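Student: The sequence shown lines up with residues 67 to 184 when you count with the working numbering.
Dumping the structure here so I can ask a few things about it.
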Amino acid sequence: MTPFGASVRALRRARGVSQKDMARDLQISAAYLSALERGQRGRPSPVLVDQICGYFHIIWDEADLLRRLAKLSHPRVVIDTTQAGPEATELANRLAEEINDLPLDRVKQMLAVMAAET
Numbered sequence: 067m068t069p070f071g072a073s074v075r076a077l078r079r080a081r082g083v084s085q086k087d088m089a090r091d092l093q094i095s096a097a098y099l100s101a102l103e104r105g106q107r108g109r110p111s112p113v114l115v116d117q118i119c120g121y122f123h124i125i126w127d128e129a130d131l132l133r134r135l136a137k138l139s140h141p142r143v144v145i146d147t148t149q150a151g152p153e154a155t156e157l158a159n160r161l162a163e164e165i166n167d168l169p170l171d172r173v174k175q176m177l178a179v180m181a182a183e184t
């Protein structure tokens, strides 16, 4: 599941809306919405993200967060390390190999380190 998919699912469930009804109202298929929520589709278009924001009547910070999550939610990431040093290339490759086996607390630690650097 992607951060965007988890957020959309949480919003939908909190408002008591079924996937079928939401998909119909957004004029997308229920299968596509389900795949987005499960992280089995690529990043959604900015237009669809804006439609979802409008659908749930979310604005400002919450809408900006959903847009940011959409940008960070491509389920199959490709990292170009051609301009990076060997350590960064090793990190990218090791992360690609091990990401699915990392415990959640370790992932959170790594995210915290990255957040502190920006």
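Every residue gets a Cβ at the ideal spot worked out from N, C-alpha and C, and that includes glycine.
All values derive from a computational prediction rather than experimental measurement.
Looking only at its own chain, which residues have a Cβ that is under 8 Å from the Cβ of P141, when we skip the five neighbours before and after it?
Tutor: For the purposes of this step, residue 141 is identified with residue 75 of the sequence shown, where counting begins at 1. Counting only Cβ-Cβ distances below 8 Å, and skipping sequence neighbours, we find T68, G105, Q106, R107 and G108.
Student: Which of the three DSSP states is assigned to F122 in this structure?
Tutor: As a first step, residue 122 must be located in the sequence shown, where it is residue number 56. If DSSP states are grouped into helix, strand and coil, F122 belongs with coil.
Student: Between the alpha carbons of F70 and G82, how many angstroms are there, rounded?
Tutor: On the sequence shown, residue 70 is found 4 positions in, with the first residue counted as 1. On the sequence shown, residue 82 is found 16 positions in, with the first residue counted as 1. For F70 and G82, the distance between alpha carbons rounds to 18 Å.
Student: Between the region 116-130 and the region 84-95, do at least 3 Cβ pairs fall closer than 8 Å?
Tutor: Enough Cβ pairs lie closer than 8 Å, so yes.
Student: Measuring straight from C-alpha to C-alpha, what distance separates V113 and A150?
Tutor: Residue 113 sits at position 47 when you count from the first residue of the sequence shown. Residue 150 sits at position 84 when you count from the first residue of the sequence shown. Taking the straight line joining both Cα atoms gives about 33 Å.
Student: Using the rule of at least 16 other Cβ atoms within 10 Å of the residue's Cβ for burial, across every protein chain shown, is E273 buried or exposed?
Tutor: With the chain running from 67 to 184 in the structure shown, residue 273 is simply not present.
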